[in-house]
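One structure is given below, encoded as structure tokens.
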Amino acid sequence: MFFDYHLHSHFSTDSQMNMKELIESAVEMGLDEIAITDHHDIDYKDDTIEFLIDKAQYLSELEKMQNKYKDKIKIKKGIELGVQLHIFEQCNQYIADDFDFVIASFHTAEKKDLYNRDFFAGYSQWEAYIRYLKTVYAVVKAYENYNVIGHLDIIRDYGDYGSKADLMENQEAAEIIAEILKVIIQKNKGIEVNTAGYRIDGRDPMPSFKILRLYKDLGGKILTIGSDSHSPDKIARKFSYTSKKLQEIGFKELATFNNMQPEFHKIEDFAL
């Protein structure tokens with residue numbers, strides 16, 4: 000099995016790749032399965048851009064693609080859901096029973112945007128990192144309508160700081176991460192390994208290998224792998240290297256999802 004579980008089509012405002020181009024690129028690369036996971040961020044805190052998807056149109060297009068390519072590749076109905084503490088009910092209404100796979104991601108914290116740097120105003124680097132992690136912890140304790148947490152340490156990719164420190168380098172941050180992971184594991188949720196993370200420092204996906212090692216040590220088992228690709232050339236980027244590193248840590252399986260339920264595949268059978 001060879002799969003990519005974080006891909007963006009033109010339904011995401013920041014992607015120009017239409018579904019046909021995305022799927023045919025995945026087929027050409029030899030993928031057996033993909034999850035298209037376009038952005039839906041309710042009450043996104045940047046007025047210059049909107050990440051909202053008309054669900055009926057989105058699902059209709061996904062179903063057309065599933066039928067058109069059913070003999071070539073398995074396509075799962077996914078969504079990358081921007082989660083905030085004050086929008087749980089709206090998130091639940093949007094998800095309903097319509098998706099195979101939901102990534103819960105954090106593009107905002109404290110009702111402020113990460114990408115445009117609003118969130119960082121007035122905070123030192125570690126103050127910002129720790130406040131972000133506290134937001135994630137509050138959400139995972141209270142919210143359950145998702146499968147995996149997306150790019151857990153994405154905060155490292157933002158902020159105008161001189162370094163991109165691994166969050167595990169700070170004791171308070173590391174302790175909060177451990178609590179986040181314990182809740183995820185207890186609730187039978189997972190985390191994604193997002194290979195777009197290598198753009199930060201060239202060494203780690205998101206989350207970092209140190210966080211992934213802690214997840215393994217705490218008993219975590221549900222892992223998906225995704226490229227977070229917004230263009231054909233990034234699909235399945237560095238999957239071979241990443242899967243080998245995951246095996247070194249001790250992980251034996253990667254997950255795909257069907258009707259929000261995990262299905263496990265041996266990493267050693269992850270054809271690359």
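Counting in numbering that gives the first Met the number 0, the sequence shown runs from 0 upward without gaps. Built from N, CA and C at the ideal position, the CB exists for glycine as well.
Residue burial is scored here from C-beta neighbours: Gln170 has fewer than 16 other C-beta atoms within 10 angstroms and is therefore classed as exposed.
Burial check for Phe263: the Cβ neighbour count within 10 Å stays below 16, so the residue is exposed. Out of Val26, Ala55 and Asp268, the CA that lies nearest to the CA of Ile94 is found in Ala55. By a beta-carbon distance limit of 8 Å, His106 contacts Asp40. Their separation comes to about 6 Å.
Across the structure, Phe87 and Ala141 are spaced so that their CA atoms are roughly 9 Å apart. Cβ contact annotation for Asn115 (same chain, cutoff 7 Å, sequence separation greater than five): Asp45, in chain order. A residue is called buried once 16 or more other Cβ atoms fall within 10 Å of its Cβ, and Leu217, having fewer, is exposed.
Rounded to the nearest angstrom, the gap between the Cα atoms of Ile35 and Ala173 is 31 Å. It is roughly 24 Å from the alpha-carbon of Val192 to the alpha-carbon of Phe118. Contact check for Ile52 and Phe100: beta-carbon distance about 15 Å, past the 8 Å limit, so the pair fails to qualify. Annotation for Ser104: the continuous beta strand (DSSP E) segment containing it runs Phe100 to Ser104. Here Thr223 is buried. Its C-beta has 16 or more other C-beta atoms within 10 Å. Unbroken beta strand (DSSP E) stretches of 3 residues or longer found wholly inside the region 78-165: 100-104, given in chain order.
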